Structures are given as C-alpha cells and as structure tokens.
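See below for the structure under consideration.
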Amino acid sequence: MVRTPGPPQQPRLRGTPPLGKAEGWLNQVTEDLYCLGVPFNLYLLKAEEPILIEGGLSPLYSLLEEGARTLGFGLEEIRRAFVLHAHADHLMALSVLKGHNPEVRIYGSSEAQRALSRDKVWERFKAVGGQTGEALRRELGLPRPPEGSRVFVEEVLEDGQVLDLGGHELKVLSTPGHSPCSISLLLDGEVLLVSDALGGWLHRSPTGPRPNPFWNLEQYISSAKKLEAVPCSALCLGHNGFLLGRERIEAFFRGFWRNLNDFIEEVSLRVKGVEDFQREKLRYAEMWHTDFLRFFPPKAHLEAVQVLLLRTVEFLGRNDLVKALKETGG
Numbered sequence: 003m004v005r006t007p008g009p010p011q012q013p014r015l016r017g018t019p020p021l022g023k024a025e026g027w028l029n030q031v032t033e034d035l036y037c038l039g040v041p042f043n044l045y046l047l048k049a050e051e052p053i054l055i056e057g058g059l060s061p062l063y064s065l066l067e068e069g070a071r072t073l074g075f076g077l078e079e080i081r082r083a084f085v086l087h088a089h090a091d092h093l094m095a096l097s098v099l100k101g102h103n104p105e106v107r108i109y110g111s112s113e114a115q116r117a118l119s120r121d122k123v124w125e126r127f128k129a130v131g132g133q134t135g136e137a138l139r140r141e142l143g144l145p146r147p148p149e150g151s152r153v154f155v156e157e158v159l160e161d162g163q164v165l166d167l168g169g170h171e172l173k174v175l176s177t178p179g180h181s182p183c184s185i186s187l188l189l190d191g192e193v194l195l196v197s198d199a200l201g202g203w204l205h206r207s208p209t210g211p212r213p214n215p216f217w218n219l220e221q222y223i224s225s226a227k228k229l230e231a232v233p234c235s236a237l238c239l240g241h242n243g244f245l246l247g248r249e250r251i252e253a254f255f256r257g258f259w260r261n262l263n264d265f266i267e268e269v270s271l272r273v274k275g276v277e278d279f280q281r282e283k284l285r286y287a288e289m290w291h292t293d294f295l296r297f298f299p300p301k302a303h304l305e306a307v308q309v310l311l312l313r314t315v316e317f318l319g320r321n322d323l324v325k326a327l328k329e330t331g332g
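Taking the numbering used here, the leading residue of the sequence shown gets 3, the next gets one more, and so forth.
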C-alpha cells in the first residue's frame, strides 16, 4: 500500500443533523435518492416503485415512515429492499418493514443469504440490534417500534449484475472484507452506496474513517481499491451520511488509506504477544466507544474490536500469536 497524505480539513457535510433533533433527518443525495441521515443510515430511492437500501435499527422505522410520507408514498408501496451486509445495525428497521409489508422482496449476496438462514445468527442479531436500537431510541426520543419479522435474502445478487429499477439502474459490486457478505451498489453510474465497506466514519472526521475489516483484511484492501476506481460523484456510507463531489470523495479515500496504514503499523509495533493483544484490545475499545459505536452494548463492542485486532494480526502473518490467541480464547 502506498502512503498518502491525509485529507484537507473540510466543512460539515450534509447528511446528519445533531443527535436529538427530530427535524431535518431527510437529506437529498440526487434528484430521486434520499438519505435518512441518522447515525445508522437508510436510503430511499424514488423509482417506478420506491426502494429501500440499507436496513438500519428498528426504532428508525417511525422516521422511515415519516420520510416516505414526505416523499409522497407509503412504506406499503416498497417492493424491493437491499441488504448491503448482514450485521444487526443494518437489518432491524427492515425487519419491521417486512412485518408491516410482507410483499417487499429482500435482495442481498449469497453469503448474506447463508448467514441469515442460521437461527443462531438471527437470534444474536435480534439481541444486539435490540440493545443498540433501544439505546438509540432513548437518546433520540423515538417511539417504541412494532415487532418485526425475520429477515431472509429472497433474491441473490451477483458481482457485476445490473438491475433495471424503472427509471434507474443499479450495478452490484462484490466488496467483502468488512464482512464476507458485503456488497456495494452503483446507482445510475454516479452514486456509490458502500455501507461499511470503507470503514466507520466516526464523528464525520475530516481525517477519514476508522478501519473495520472484521472478516478479512486482504479482501478489505482489495474491495477498497475496487471502490476507489469507480468515478462516482456521490459516496453513500452506512453511518453518518454521505459525501458529494470528487474532491471530498478523493479526500475521504486518502484518509482511508492513511488511517489503515497507520493502524496496521501500530498493531505491528505494539502487539507482540497475548498480553499486548489484551491491552490494546481494551485501549482501542475505550477509544472507539464513541459516536454511533457508543450505542452498541459494551460487550458486543469489545468483541468486535477483538475480531478487528485478530484479523490484523492474521494479515501481518503472526501465526504463532494467532495460535496462542485461539488457545487462550483471544
């Protein structure tokens, strides 16, 4: 990887109002694409039939209803919803929608389909998503959501597949690394929706996103290169909104590479053995339990940081340490 300078300071971007304010959640990305710019983004696309992209947390359902009404349709009109990866904070508002509107068809990768077919996986998503959603609901003062239905991927998407949405076109890009099931979508050749494939944009930082290769760091790097090569004019993230314009998008990618390089180097220097691993795990967990990540239960957050560090150690080829960590339970 080539080191690049960090991005320049930039003004606050559209997409996320201060937490606690109920007005102004809906932000226009393009003529027909809108971002429900809460910390856990949802995207509504006005097409021949309205479309939901991303699945959010269940308390956001009331804001989703309000956003749809603002755009002139009801959630019962949605017939297609796209899961960009199967993690709890990207599924649970979709679960409520599926309970309200059984006619909606859910699209995702074959890996997401396999993950969501497993009972234990879904039960964990419900538990973590429920706790995370409740913390968010209390802070935003949202009503308790209705019960949802289990989410299954009903339509499997393949890399390179192009879908005609009636006035719009979606191209599917396989972008694993954050998770094995991660996909991104290119809307009309201009708007790139990446979910968490490019990290966690904590506090919309001008220095770029925090790395989050929870599945495989080599794949994460490969997917980032693939996304960086797409000449998009809008970059839509899984958290904290979106970026408009090539200058800002290119700055974001420079920050992505710099932060990833720095993180890998730091882990390489600071994590030599099991005790180092445990110390750094706690340090990173405390440092990163902020912004949208603070809504996650502390135990789940700590486990995620542990996985992130383990994937980095694996990438560095520290096979003896990986073996020792697995023997001690990490």
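Each residue gets a CB set at the ideal place from its N, CA and C atoms; glycine is no exception.
What you are looking at is a predicted structure, and each value in this text was computed from that prediction instead of being measured.
Identity of the residues DSSP links to residue i by a beta bridge
i, result
"Gly110", "Val158"
"Leu239", "Ser197"
"Arg206", "In DSSP, Arg206 forms no bridge with anything."
"Val174", "Leu187"
"Cys37", "Asn29 and Tyr45"
"Leu246", "Ala236"
Range covered by the alpha helix (DSSP H) that runs through residue i
i, result
"Asn29", "No alpha helix (DSSP H) contains Asn29, which is instead part of the beta strand (DSSP E) from Leu28 to Gln30."
"Lys301", "Pro300 to Phe317"
"Leu142", "Asp121 to Leu142"
"Leu229", "Leu219 to Glu230"
"Glu329", "Asn321 to Thr330"
DSSP-derived helix/strand/coil call for residue i
i, result
"Lys274", "coil"
"Gly257", "helix"
"Ser64", "helix"
"Leu167", "coil"
"Phe294", "helix"
"Lys48", "coil"
"Phe216", "coil"
"Leu59", "coil"
"Val153", "coil"
"Phe42", "coil"
"Glu192", "coil"
"Arg146", "coil"
"Glu282", "helix"
Endpoints, the beta strand (DSSP E) within which residue i is located
i, result
"Ser186", "Ile185 to Leu189"
"Leu54", "Ile53 to Ile55"
Q. Are at least three pairs of beta-carbons, each pair with one atom in the region 305 to 317 and one in the region 209 to 217, less than 8 Å apart?
A. The region 209 to 217 and the region 305 to 317 touch, with three or more beta-carbon pairs separated by less than 8 Å.
Q: Enumerate, from N- to C-terminal direction, the unbroken beta strand (DSSP E) stretches of 3 or more residues contained entirely within the region 70 to 107.
A: Counting whole runs of 3 or more residues, the region 70 to 107 contains the beta strand (DSSP E) stretches 82 to 84.
**Q.** Three-pair Cβ contact test at 8 Å for the region 62 to 72 versus the region 176 to 190
**A.** With the cut-off at 8 Å, the region 62 to 72 and the region 176 to 190 do not touch.
**Q.** Given 8 Å, three or more beta-carbon pairs between the region 106 to 121 and the region 150 to 158
**A.** Judged by pairs of C-beta atoms under 8 Å, the region 106 to 121 touches the region 150 to 158, as three or more such pairs exist.
Q: Evaluate the contact criterion for the region 235 to 246 versus the region 189 to 197: three or more CB pairs, one atom per stretch, below 8 Å.
A: Yes, since at least three Cβ pairs between the region 235 to 246 and the region 189 to 197 fall closer than 8 Å, the two stretches touch.
Q.
Using 8 Å as the cut-off, can you tell me whether the region 198 to 208 makes contact with the region 124 to 131, which would need three or more C-beta pairs spanning the two stretches below that distance?
A. Segments in contact, no.
Q.
Taking contact to mean 3 or more Cβ pairs, one atom from each stretch, closer than 8 Å, check whether the region 41 to 54 and the region 79 to 89 are in contact.
A. In this structure the region 41 to 54 touches the region 79 to 89; the number of beta carbon pairs closer than 8 Å is three or more.
Q.
Tell me whether the region 89 to 99 and the region 111 to 130 touch, counting them as touching only if at least three CB pairs, one residue from each stretch, are closer than 8 Å.
A. Here the region 89 to 99 makes contact with the region 111 to 130; the two share three or more CB pairs at distances below 8 Å.
(Q) Under 8 Å, with one C-beta from each stretch per pair, do the region 260 to 280 and the region 312 to 322 reach the 3-pair mark? (A) Short answer: they touch.
Q. If you pair each beta-carbon of the region 70 to 80 with each one of the region 164 to 179, do three or more pairs fall below 8 Å?
A. Between the region 70 to 80 and the region 164 to 179 there are fewer than three inter-stretch CB-CB distances shorter than 8 Å, so the stretches are not counted as touching.
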